[in-house]
Amino acid sequence: MNHSLIYEGSRTQLVQQLIYFDEEKIAFLNQYFPERSKQRSNAETLLSHYCSELEQLLSRFNGEELNSLVLIGSQLQLRYLDDNTTDTYTIVFPNQAEPNDNKISMFSPIGMQLLLAQIGSTCQLAIPSGELSVKIESIKFVNCGEVAVLI
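With the sequence shown counted from 1, adding 2 to any position gets you our numbering.
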């Protein structure tokens with residue numbers, strides 16, 4: 003398989019995400035956070051930061067960069083540091099979330115904490131029972147961030 007074709011499809015998808023958020027960010031936020039709240043404010047800040055990071059990534063786009071940062075559409079392998087086990091998750095748009103298939107919403111508490119994390123980084127994830135230490139072992143953009151499914 004030609005890697006340049008894969009990367010071009012991924013690049014196109016990321017450009018579409020950027021355009022979508024530029025044009026529809028408020029409507030998108032209203033859909034998931036209709037009331038003004040701290041949660042909405044956090045989501046809005048995260049989206050702004052996500053778009054800035056996406057612009058930078060696209061300006062120097064290559065396969066290595068694509069798989070170094072958790073994006074909407076990234077599949078990541080997490081290592082739980084307390085017991086050394088691993089799990090694989092894919093960060094997706096909220097309407098694509100399938101927890102039984104390990105597809106977690108970008109707006110879920112875990113999704114918001116992992117979005118934009120870098121490969122090899124260790125994260126302290128706040129969970130209802132306390133904190134969980136995880137290391138991001140690998141990231142692979144798997145084209146699960148299609149904007150077309152939102153329209």
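Here a beta-carbon is modelled for each residue, glycine too, at the ideal position from N, C-alpha and C.
Cα-Cα separation, residue i to residue j
i, j, result
"Leu116", "Arg62", "22 Å"
"Asp85", "Glu25", "44 Å"
"Asp89", "Ser50", "28 Å"
"Asn104", "Tyr91", "5 Å"
"Ile106", "Ala99", "5 Å"
"Thr14", "Leu59", "13 Å"
"Lys27", "Leu83", "36 Å"
"Asn102", "Thr87", "18 Å"
"Gln77", "Ile93", "7 Å"
"Cys53", "Ser131", "31 Å"
"Tyr34", "Gln19", "17 Å"
"Gln41", "Glu66", "32 Å"
Pair within 8 Å by beta-carbon distance, residue i and residue j
i, j, result
"Asn2", "Gly75", "Look at the range of the chain in this structure, 3 to 153, and you will see that residue 2 is not part of it."
"Ser39", "Ile141", "no"
"Ser12", "Phe95", "no"
"Val17", "Arg81", "no"
"Leu68", "Tyr22", "no"
"Ile112", "Ile138", "no"
"Ala119", "Val149", "no"
Residue i (DSSP reduced to helix, strand or coil)
i, result
"Asp24", "helix"
"Gly113", "helix"
"Lys137", "strand"
"Gly132", "strand"
"Leu59", "helix"
"Phe143", "strand"
"Glu100", "strand"
"Val94", "strand"
"Leu31", "helix"
"Thr47", "helix"
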